[in-house]
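Inspection log for the structure reproduced underneath, given as structure tokens.
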Amino acid sequence: MREKKMMLVVTFHTTADAMAMEKVCKRDQVPGRLIPVPRAISAGCGLAWSAPPENEEQICQAMARVGLEPEELHRCLV
């Protein structure tokens, strides 16, 4: 089993929003990846964006550029 690390987890209202996040982050080379929403978090959609916490500002800027609104931002062990 791999060691869990503290990560920024961005949840979304819809799966379409989560997929759009993946697309913009890959295009703009923003770190992170799509993951299933961790059990400790409840969300409208089953996918979340996970990235190192130090990239929070870069992630929020990427979402703002394309008009994506997160459901919530969490810091948790993933």
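When you read off a place in the sequence shown, starting at 1, and then add 176, the result is the number in my numbering. Just so you know, even glycine gets a beta-carbon here, dropped at the ideal spot from N, CA and C.
**Asked** First and last residue of the alpha helix (DSSP H) that includes Met177?
**Response** Segment: none, Met177 is in no alpha helix (DSSP H) and carries neither H nor E.
**Request:** Measure the alpha-carbon distance for Thr191 versus Ala216 and round it to whole angstroms.
**Result:** Roughly 19 Å separates the two Cα atoms.
**Request:** With DSSP as the reference, please indicate the residues paired to Met182 in a beta bridge.
**Result:** For Met182, which the question treats as bridged, DSSP gives the partners Leu253.
**Item:** Three-way DSSP call (helix, strand, coil) for Thr191 in this model
**Value:** Here Thr191 sits in helix by DSSP.
**Prompt:** According to DSSP, which residues form a beta bridge with Met209?
**Reply:** Checking the displayed sequence, the identity of residue 209 turns out to be Arg instead of Met. DSSP, once it has assigned bridges, lists Ser226 as partnering Arg209.
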